[in-house]
Amino acid sequence: MTNQHSPALARRGVLALGLTAGVGLVGARSAAAATSVSYSYQRQQTQSWCSAASSRIALTAKGRTPTQASLAASLGLSGGSGLQDPLAIARVLSDRLGIAGNARRYRFRQPAAGTLKATLHQHVRTSIDAGYPVVINMNQVNGDHYSAGHYIAIVGYRAGDYKIADPDEPARNGVWRDEDSIVLWNKLNRYTAFGG
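Start counting the sequence shown at 1; every next residue gets the next number (UniProt numbering).
See the structure below:
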């Protein structure tokens with residue numbers, strides 16, 4: 001494109017200004033618009049407890065620190081198998097927080113195909129703004145593929161990015177990943193978020 005006012009050229013101009021000022025693109029993206037919750041990270045204790053570990057991350061944001069074993073029992077994890085009922089996360093989180101009967105509680109979400117990006121964006125903002133992490137089912141995180149699915153927590157957001165806590169890999173705790181990758185890696189359109 002030869003248009004001198006193209007978005008790509010404008011971004012390059014902003015980047016050049018940021019580099020000159022010693023800010024850079026990373027500094028510009030991580031500026032004031034980021035919103036995160038405080039939480040306690042713990043790596044999943046067995047290969048099949050990612051749902052329990054991610055649920056624990058979500059609960060620690062509200063000061064609850066259950067064991068992964070107790071959450072695994074509540075989620076119905078047994079015999080080395082992973083989560084069989086994706087609705088269980090919303091039930092267990094709401095029960096453990098004492099909000100099960102409230103209009104605003106954790107809810108399982110599975111938006112229609114093609115609507116995940118917009119719906120997830122809306123629910124992440126609502127949930128994180130209220131202080132509740134989102135637990136999301138992934139088929140991939142970075143280069144790691146999970147044929148049976150894998151649960152992580154979303155603990156923050158900023159323009160175009162989500163802050164994740166992956167219980168399978170401590171190096172992916174508190175790191176930012178772009179929204180498009182999170183949507184691409186969530187093949188089943190499943191997540192659990194706080195809200196009405």
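Just so you know, even glycine gets a beta-carbon here, dropped at the ideal spot from N, CA and C. Note that the structure is a prediction, hence the values are computed from the model and not measured.
Could you pull out every unbroken alpha helix (DSSP H) segment of at least 4 residues lying fully inside the UniProt domain "Peptidase C39-like" (37-167), listed in chain order? 50-60, 68-75, 87-97, 116-129
Identify the continuous alpha helix (DSSP H) that holds E179 and give its terminal residues. 179-184
For F108 and T115, what's the separation of their Cα atoms in angstroms? 15 Å
What are the residues that DSSP puts in a beta bridge with A193? R107
Measure the C-alpha to C-alpha separation of L59 and Y106 and round it to an integer number of angstroms. 11 Å
Between the beta-carbon of I182 and the beta-carbon of P133, is there less than 8 Å? no
Helix, strand or coil for G27, going by three-state DSSP, please let me know. Any reading at G27 must be qualified, since the residue scores a pLDDT of 39, below 50, and its modelled position is unreliable; the value itself is stated next. Looking at G27 - three-state DSSP - the assignment turns out to be helix.
Closer than 7 Å to a non-hydrogen atom of the ligand GTP - does that hold for the CB of S181? You won't find the ligand GTP in this model; it holds no ligand whatsoever.
Is the beta carbon of K163 sitting closer than 8 Å to the one on I152? no
Shortest alpha-carbon distance to residue 200 belongs to which of E169, N137, D129? Nothing about residue 200 can be reported from this structure: the residues present for the chain run from 1 to 196 only.
Backbone CA spacing between S74 and A34 [nearest angstrom]: 33 Å
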